[in-house]
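Step one of this worksheet: look at the structure below.
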Amino acid sequence: MAVSPQPGDTMAKNVPELDVDPFCRESVRNARAVDDRIRELAPVVKLPGENVMLLGRFEHVSAGLMDWKTFSSTSRPWHDPKSVRPELLLTDDPPKHTRVRAVIGDALSRKRLASAAESFRRDADAIVSGLRARGDEPFDAVADLTQAFVYKVLPDLLGIPEEGREHMYAFGNMVWATMGPMNELFHEAMKDTEAVVEWASRVCRRESLAPGSLGMAMYEAADQGAITQDEAYLLVGILLSAAADTTVITLANAIRAFCEFPDQYRLLRENPSLIRAAFEESLRWDSPSRMAGRIATRDVEIDGYVIPAGTRCGLMFAAANRDPRRWTDPDRFDITRDNSRHLGFGYGVHACVGRILALLEADALLGAIVREIEHFELAGEPRPWMTTIGHGPESVPVRARFK
Ligand code: HEM
Numbered sequence: 051m052a053v054s055p056q057p058g059d060t061m062a063k064n065v066p067e068l069d070v071d072p073f074c075r076e077s078v079r080n081a082r083a084v085d086d087r088i089r090e091l092a093p094v095v096k097l098p099g100e101n102v103m104l105l106g107r108f109e110h111v112s113a114g115l116m117d118w119k120t121f122s123s124t125s126r127p128w129h130d131p132k133s134v135r136p137e138l139l140l141t142d143d144p145p146k147h148t149r150v151r152a153v154i155g156d157a158l159s160r161k162r163l164a165s166a167a168e169s170f171r172r173d174a175d176a177i178v179s180g181l182r183a184r185g186d187e188p189f190d191a192v193a194d195l196t197q198a199f200v201y202k203v204l205p206d207l208l209g210i211p212e213e214g215r216e217h218m219y220a221f222g223n224m225v226w227a228t229m230g231p232m233n234e235l236f237h238e239a240m241k242d243t244e245a246v247v248e249w250a251s252r253v254c255r256r257e258s259l260a261p262g263s264l265g266m267a268m269y270e271a272a273d274q275g276a277i278t279q280d281e282a283y284l285l286v287g288i289l290l291s292a293a294a295d296t297t298v299i300t301l302a303n304a305i306r307a308f309c310e311f312p313d314q315y316r317l318l319r320e321n322p323s324l325i326r327a328a329f330e331e332s333l334r335w336d337s338p339s340r341m342a343g344r345i346a347t348r349d350v351e352i353d354g355y356v357i358p359a360g361t362r363c364g365l366m367f368a369a370a371n372r373d374p375r376r377w378t379d380p381d382r383f384d385i386t387r388d389n390s391r392h393l394g395f396g397y398g399v400h401a402c403v404g405r406i407l408a409l410l411e412a413d414a415l416l417g418a419i420v421r422e423i424e425h426f427e428l429a430g431e432p433r434p435w436m437t438t439i440g441h442g443p444e445s446v447p448v449r450a451r452f453k
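Basically my numbering = 1-based index in the sequence shown + 50.
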């Protein structure tokens, strides 16, 4: 992204202002369409009434995510330092980011996670068998399947006690809300959450965590001096929030896609080796995170539009993942397309460090599903998650035909 015209320069094009609030209740219900509109309006779009600019085209979003010096993570469009969001890692640039990332990256490596695969498979099989036992009554692919699975395997892996796990959803909802504007949806997420905050701060402490767990590995890294004890505490909170609803939604969107594109589900059943490709395609097709928040550290010019230094920016994953300039037939869920460069897991230094874990969970749950279920169909309208930056269904009523 070149820098030539300067703000105020007559050469610079006027950055168009969006005529809707993309984070109000109505826009959240139609987030896909709103994000597509942002992308098509111009390469750079201004949020009404705020010093925030949004980038929605694949080329610019991926270049921006790679260029962390220009698009710094140290401030974001909405930034409340007193928020419940653990302020570490995703809120830092290298070199601070690099040191902490090495610790969490090691704990989430293929080698470290290999032993978890067997218990993931057991949990997935038990949940799918439980649904079979319910006969042909419709079920919710989120509450009864993908959330039931992730909300079991994740806290088990982290080493968090069983008691209080019912707060996981509210905790995730609060953390996601802190990434967006402090609007009505934000205040709804923050209502009556005293017990949730008390639970989350308790379970992230060392004395709550099981020996040998992923959570405890953060404190062991602190004992060895790689990070501080306070950073270990924050990392457990990050794992608890970043790993949960993203995975729940990606799996739920895959099932929604199996209903809408039955040919792709048939193909997957014939070729279960495509499970990871199907999971990655779900991420491209409908990404659970709408945008990454950054701040421009210098003036940036994109196709004649100038983002002045100090502007807070949103790099829009979901919009970019359906950019027709980059993807053929972007609205089609196609498990055979080359989706290796999708941005659903982010890109650059902050690209998702939990990807291997998410794929292992997909292997287990989608594996059990394709073995046991012949066909899916929608049994009602999916209900959207009413949050601003996170995106996806909160409920997907389905009917399944078991083998
Ligand atoms: C399908 C599931 C997942 C999706 C869609 C997802 C998405 C993302 C995205 C888009 C980013 C980049 C954010 C940015 O650049 O601002 C990210 C970063 C991150 N993710 Fe994930 N994630 C998923 C699963 C997980 C899991 C399972 C974990 C933990 C075990 C995890 C932990 C993290 C962490 C710690 C970061 C910050 C990395 C950094 O700043 O270096 N995620 N994720």
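Glycine is no exception: its CB is placed at the ideal position from the N, C-alpha and C atoms.
Quick caveat: nothing in here was measured; it's all calculated off a predicted structure.
Query	Result
Closer than 8 Å: Ser445 CB and nearest the ligand HEM heavy atom	no
Cα-Cα separation between Lys96 and Phe189, rounded to whole angstroms	41 Å
Touching by the beta-carbon criterion (3+ pairs, under 8 Å), the segment 381-390 and the segment 311-328	yes
Local conformation of Gly440 per DSSP, three classes	strand
Pro447 vs Gly430 beta-carbon contact at 9 Å	yes
Minimum length 4: unbroken alpha helix (DSSP H) runs contained in the segment 286-340	295-310, 312-320 and 325-335
Through-space distance from Met61 to Arg405, alpha-carbon basis	42 Å
Distance cut-off 8 Å: Leu158 Cβ against heavy atoms of the ligand HEM	yes
The ligand NAP heavy atom lying under 8 Å from the CB of Val403	Here the bound small molecules are the ligand HEM; the ligand NAP is not part of this structure.
Exposed unless 16 or more other CB atoms sit within 10 angstroms - verdict on Ser337	buried
Which listed residue (Val84, Val65, Asp69 and Lys63) has its alpha carbon closest to that of Val438	Checking the displayed sequence, the identity of residue 438 turns out to be Thr instead of Val. Selected option, being the one with the closest Cα: Val84.
Validate contact between the segment 140-160 and the segment 399-416 using beta carbons, cut 8 Å, 3 pairs	yes
Top-ranked residue by Cα proximity to Glu411, from Leu91, Ala92 and Ser169	Ser169
Bridge-paired residues (DSSP) for Glu351	Val356
Touch test, the segment 335-355 against the segment 101-114, Cβ-Cβ under 8 Å, three pairs minimum	yes
Host beta strand (DSSP E) of Ile177 (start-end)	Premise fails: Ile177 lies in the alpha helix (DSSP H), Ala167 to Ala183, not in any beta strand (DSSP E).
Cβ neighbour criterion (16 or more within 10 Å) applied to Glu331	buried
Pro292 versus Pro312: straight-line alpha-carbon distance, rounded	The sequence as given places Ala at residue 292; Pro does not occur at that position. Distance between the alpha carbons of Ala292 and Pro312: 30 Å.
Residue(s) in a DSSP beta bridge with Val102	Arg362
DSSP three-state assignment for Lys63, whether helix, strand or coil	strand
Pick from Ala282, Ala92, Glu257 and Tyr201 that is closest to Gly106, judged by C-alpha positions	Ala92
Stretch-stretch touch, CB-based, cutoff 8 Å, three pairs: the segment 214-228 with the segment 244-259	yes
Cβ-based burial, His237 [other Cβ within 10 Å; buried from 16]	exposed
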